[in-house]
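Per our numbering, residue 3 is the first one in the sequence shown, and the count goes up by one each step.
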Amino acid sequence: MLTYTISSLVAVVVVTLFRFVYRRYTTISVSKVPGPPSGTWLFGRVTDLLRADVGELQFEWQQQYGPVIRLKGPLGEDFLLVSDPKALQYIYQTSGYRFSKPPVTRIFLEVLTGKGLFWAAGENHRRQRKVVMPGFGVSETRAFIPIFFRTAAKMASLWRDLIAESALEDQSAVMDISSWASRATLDAIGEAVFDYQFGALDNSDNPLSNTYRNTLNDTFSKPTNIYLLATTVFHMMPKWFVRMIIRDAPISGLQHWRKAKNMTEDESLRFHPTVPIINRSPTTDDVLPLSVPIALTTGEVINELPIPKGQKIVASIASYNRFKPIWGEDAHMFNPYRWFRPDDGTKGTTLGMYANLMSFSAGFQGCIGWRIAVLELQAFLIQLIGNFELTMTPKSDKVRRQASVVMSPVVEGEREKGTQLPLTVRAVSREEE
């Protein structure tokens, strides 16, 4: 048995090496595209990406090598890390279905979700999308708004009860926002989409709710809407920002409030994309158009990049959302006021499902539920911003963006406890706003 196992491993290595050498010297190659040092042959730079805070290495590499980078993956295979807006537009929008999820990704999705929309590709995806799209239109998603507001109001009421019972002198309570967001979004989506009462906010012993949470903990850590809500709450508007909006903005009355809320929401979507990378591979040899020329390691400067069929492409959503030619020199700062600047986010290429962001992917295979996510977030923000003040705790300074299938907030040194976002919550009256 041991001899057979060793022989199998040797065979896999030999086939991989042969495939690597064959593709490198007989087909189109991306080996001359600049990028960081290779790392280990077995894992490449994958382990570095997983250990670092989400986006940190990608931001560093983008600054050093540009928006298209050659990155070594497992077994020495070349990956392309792409944040160039013109290339991303071509991959996700212009090319239709010529760029698909890699086979390994599709196998994982089939095991997790079955042969549904997440798994489907090409004509199969087109057919499934056509069937489900009517349920995600503008009027259909707006019908969910009362449910979102009702769930948000229930969570706010539970928060007030906890604060009233708190022993802290300033009538505040330390809460794990990620846990509350998890339960609230589960209840909201359960009622809106499935007409099912999970009872998560009430901590009901619901078998389906428990199974759902356990599945997510074992695979994704947390679903995307949860992280989106948690990180947006983390950046809830300080009073100085609200005063600045009301004093300086060329709008009046209730529009001040709505604009400030939307700016915080959009900036959170930009700054904290819940899915920081997406993998794609071309089904045929192709050519990527570029908004920024690439200087190859040979010294040649190119304005478009030939890529071979099956080339592994990692779309860096985190890097695109902080690409300085689009978002300005302060792209790495959380600055809701940027959404008052008429040119920010609209320079050059139009991309994505919402606000020229890639946070919901783009094109035919973009997130069909993006409107639901945005409306749900808005409903919760209206309740929370209007009724509570959130401040940092000592643990908040240790929160890092953990790499998983989706990005998750964890406390440094307490990774074994899972997702955490501890904040101090205090109820406020209208007179204090």
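All C-beta atoms in this analysis are idealised placements derived from N, C-alpha and C, irrespective of residue type, glycine included.
Query, Result
"Straight-line Cα distance separating P327 from L271", "18 Å"
"Cβ neighbours of G354 in the same chain (closer than 6 Å, five flanking residues each side left out)", "M360, A364"
"Cβ-Cβ distance between A405 and V84 below 8 Å", "no"
"Contact set for A416: own chain, Cβ-Cβ below 7 Å, skip 5 residues either direction", "At residue 416 the sequence reads Glu, which differs from the Ala that was named. These residues qualify, in order along the chain: Q422."
"DSSP bridge partner residues for Y92 (one or two, in chain order)", "Bridge partners of Y92: none, in fact."
"Outcome for T49 when other beta-carbon atoms lying within 10 angstroms are tallied against a minimum of 16", "exposed"
"N436 versus V32: straight-line alpha-carbon distance, rounded", "No information on residue 436 is available, as it lies outside the stretch 3 to 435 that the chain covers here."
"Beta-carbon proximity of R108 to A123, cut-off 8 Å", "yes"
"Buried or exposed by the 16-neighbour rule on C-beta atoms within 10 Å, applied to W43", "exposed"
"First through last residue of the alpha helix (DSSP H) which encompasses E112", "105-115"
"Nonlocal neighbours in the same chain, by C-beta distance under 6 Å from W341, ignoring five residues either side", "M265, D268"
"Buried versus exposed, by CB contacts within 10 Å (16 or more), D86", "buried"
"Assigned exposure category for D80 - 16 Cβ within 10 Å defines buried", "buried"
"Rounded separation between T351 and D163 - CA only", "48 Å"
"Nearest to A145 (by Cα), restricted to the options E378, V412, L298", "E378"
"Backbone secondary structure at V244 - three-state DSSP", "For V244, the predicted structure reports a pLDDT of 46, less than 50, and the residue's modelled location is therefore unreliable. The matter cannot be settled from this model."
"Proximity below 8 Å, CB of G68 to CB of I296", "yes"
"Alpha carbon of R128 to alpha carbon of F362, nearest angstrom", "18 Å"
"Under the three-state DSSP convention, the category T42 falls into", "strand"
"Simplified DSSP state of F120, which is helix, strand or coil", "coil"
"Whole-angstrom distance between L307 and M157, CA atom to CA atom", "50 Å"
"Proximal residues to G255 (C-beta, below 6 Å), its chain only, five neighbours per side dropped", "Any answer about G255 is weak, because its pLDDT of 43 lies below 50 and its placement is not dependable; what the coordinates show is given next. Excluding sequence neighbours, G255 sits near nothing in its chain."
"Cα-Cα separation, G301 to S293", "18 Å"
"Residues that DSSP places opposite L359 in a beta bridge", "Y356"
"Rounded straight-line distance, which links the Cα of N323 to that of K34", "26 Å"
"Buried or exposed by the 16-neighbour rule on C-beta atoms within 10 Å, applied to Q385", "buried"
"CB contact check: E62 to chain C, cutoff 8 Å", "Looking for chain C here will not work: only one protein chain is present."
"Start-to-end residues for the alpha helix (DSSP H) that takes in I319", "319-322"
"Rounded distance between the beta-carbons of Y92 and P291, thought under 8 Å", "5 Å"
"Same chain, Cβ closer than 6 Å to L298, five either side skipped, listed in chain order", "K34"
"Residues of its chain near V430, where Cβ-Cβ distance is below 8 Å and the 5 sequence neighbours each way are ignored", "N389, F390, E391"
"Residue from G139, W329, A175, M335 with nearest C-alpha to R428", "A175"
"Bounding residues of the alpha helix (DSSP H) (the contiguous stretch that carries D172)", "Careful: D172 lies outside any alpha helix (DSSP H) and carries neither H nor E."
"When R282, L82, D178, K103 are compared against P411, the one with the closest alpha-carbon", "D178"
"Cβ separation of I309 and I30, assumed to be a contact under 8 Å, to the nearest whole Å", "6 Å"
"Proximity below 8 Å, CB of A381 to CB of F151", "yes"
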